[in-house]
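This report refers to the structure that appears directly beneath it.
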Amino acid sequence: MAHLKHLGTRIQDQIFPTVAHYAPLLRAKASTIRLTPCSTFSYGPTARHQLDVYTPAQAGLVNNRRPVLVFFYGGGFVQGHRTLPIPTLEGLVHANVASFFARHFGYTVVVPDYRLLSHGAAFPSGGEDVALTVKWISENRDKLGGVESETKQDVDLFVVGNSAGGVHVSTYLFCNQFKEMRAEVLGEGSTVLRGVVMLSVPFSYEGVEDEANREVLKKYFGDVERNCPLALMKDAFESQQGELDFAKSKTGILILNAEMDPENECLRPRDRFVKEWLSLGGAASKNALFTDTMAGQNHISPFLALGTEIESEEAWGYQVAKFCEASRGSDVRG
1 MAHLKHLGTR
11 IQDQIFPTVA
21 HYAPLLRAKA
31 STIRLTPCST
41 FSYGPTARHQ
51 LDVYTPAQAG
61 LVNNRRPVLV
71 FFYGGGFVQG
81 HRTLPIPTLE
91 GLVHANVASF
101 FARHFGYTVV
111 VPDYRLLSHG
121 AAFPSGGEDV
131 ALTVKWISEN
141 RDKLGGVESE
151 TKQDVDLFVV
161 GNSAGGVHVS
171 TYLFCNQFKE
181 MRAEVLGEGS
191 TVLRGVVMLS
201 VPFSYEGVED
211 EANREVLKKY
221 FGDVERNCPL
231 ALMKDAFESQ
241 QGELDFAKSK
251 TGILILNAEM
261 DPENECLRPR
271 DRFVKEWLSL
281 GGAASKNALF
291 TDTMAGQNHI
301 SPFLALGTEI
311 ESEEAWGYQV
321 AKFCEASRGS
331 DVRG
């Protein structure tokens, strides 16, 4: 994966050459990626509230519970779609992510669209869209095995948030206004949130130097410092007296960064986030937190690497699956 290193760590320098590198690799595996059935549903009140449900040939049941992984893509609050409209990708992204987890681990994979600035998004709308997605899954378990499924199997739920998508997942996890909705999927029940993966998430924004990016952040967050994930996490620890509700319910959180994530925008904010978490949290919260690195990846490459069937490229997918399966008392080899 040395082909990515010469691109450096600046996100804007990574985007186009990274997509150009992976597009032919994904096209070569298009027939396999497209084997995973996909159905589209509405999950909220606007035209933007659509999600795709990808179903595996055989569900990876543990204790007769169906694993469901939700993938919230990134896009800097201004772009992104559940199927990226980039001609060279031929509609394969994010079907490639879904196909990987469905084929290898028997996961049902849900890829939602969420509101961007062009749809009137403003904090905490991202958290609202995450909450609506989780609610839809809880209430539509009969649709998670395919459109014709008549069974409502219990669900082990995993939420993956990539970059800006992870910011929205943070809002859902830490904001008090979602406390009651979180409670519905914590503990033991028909749908249980087992784990959360924060994939290259910017937890704070003091390192952002680009003026255009700063304007985007101001438009979405309003008060950026007050509403960023770091601040929300600190507020959550204070209001919940040192033990986060999801941690007390044994929901784990994996912070997973690319080796070539930008230092100022991702890695230093991550280090500060982890340090604050460990200083504020009680035993349950400390035990709930895990960190890891995606070797050889940059900020853009992970969601493009799955489906290439190249072992080193797909390694991070196995890292995620091992984290998820451990919470189910299962294991992943590979």
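Using the UniProt record's numbering, the letters of the sequence shown map in sequence onto residues 1 to 334. Glycine included, every Cβ here is placed at the ideal spot set by N, Cα and C. Computed from a predicted model, the values in this text were never measured in an experiment.
The alpha helix (DSSP H) with MET260 in it runs from where to where?
-> Where MET260 is concerned, there is no enclosing alpha helix (DSSP H), although the beta strand (DSSP E) it sits in stretches over 252-260.
Measure how close the beta-carbons of LEU199 and ASN227 come, nearest whole angstrom, since I'm counting them as under 8 Å.
-> At roughly 20 Å, the Cβ-Cβ gap does not stay under 8 Å, so LEU199 and ASN227 are not in contact.
Out of PRO202, CYS175, SER138 and ARG214, point me to the one whose CA is closest to VAL192's CA.
-> SER138
My understanding is that GLY307 touches ILE33, with C-beta atoms under 8 Å, so please give their C-beta distance in whole angstroms.
-> 5 Å
Could you name the residues of the same chain whose beta carbon sits closer than 6 Å to that of PRO112, not counting the 5 residues immediately before and after it, in chain order?
-> LEU51 and THR133
Kindly indicate which three-state DSSP category MET198 falls into: helix, strand or coil?
-> strand
Taking the continuous alpha helix (DSSP H) assigned at LEU26, which residues delimit it?
-> 11-27
Inter-residue spacing [alpha-carbon to alpha-carbon] between LEU173 and LYS322 | 22 Å
Taking 8 Å as the threshold, find out whether the segment 212-226 comes into contact with the segment 179-195 through three or more Cβ pairs.
-> no
If SER330 sits next to VAL62, beta carbons under 8 Å apart, how far is it from one beta carbon to the other, in whole angstroms?
-> With 8 Å as the limit, SER330 and VAL62 qualify as a contact, their Cβ atoms being about 5 Å apart.
With SER42 as the anchor, note down where its alpha helix (DSSP H) starts and where it stops.
-> For SER42, there is no enclosing alpha helix (DSSP H); the residue is found in the beta strand (DSSP E) stretching over 38-42.
With respect to the alpha helix (DSSP H) encompassing VAL97, which residues constitute its N-terminal and C-terminal limits?
-> Looking at the DSSP string, the run of the alpha helix (DSSP H) that includes VAL97 is 95-105.
Can you find at least 3 beta carbon pairs, one from the segment 63-76 and one from the segment 151-165, that sit closer than 8 Å?
-> yes
Do VAL160 and ARG141 come within 8 Å of each other at the CB atom, strictly closer than that value?
-> Contact flag unset, no.
Length at least 3, wholly inside the UniProt domain "BD-FAE-like" (51-170): the beta strand (DSSP E) runs in chain order | 66-72, 108-112 and 155-162
Under 6 Å Cβ to Cβ from LEU304, same chain only, skipping five residues before and after it: list those, please.
-> TYR22
Can you tell me the Cβ-Cβ gap for GLY60 and TYR107, rounded? I've got them flagged as a contact below 8 Å.
-> Between GLY60 and TYR107, the beta carbon gap of about 6 Å places them in contact (Cβ cut-off 8 Å).
For PHE100, which residues from the same chain have a beta carbon less than 8 Å from its beta carbon, with the 5 sequence-adjacent residues on both sides left out?
-> So the list reads LEU306, GLY307, GLU314 and GLY317, once near-sequence residues are dropped.
For HIS6, is the classification buried or exposed, using 16 other Cβ atoms within 10 angstroms of its Cβ as the cut-off for buried?
-> HIS6 is exposed by the Cβ-count criterion.
Out of THR171, PHE178, ARG66 and ARG194, state which residue places its alpha-carbon closest to the alpha-carbon of THR151.
-> ARG66
If we ignore side chains and look at the alpha-carbon of each, how far apart do VAL93 and ASP245 end up?
-> 34 Å
In the DSSP assignment, what are the bridge partners of THR46?
-> BP columns for THR46 are empty, so no partner.
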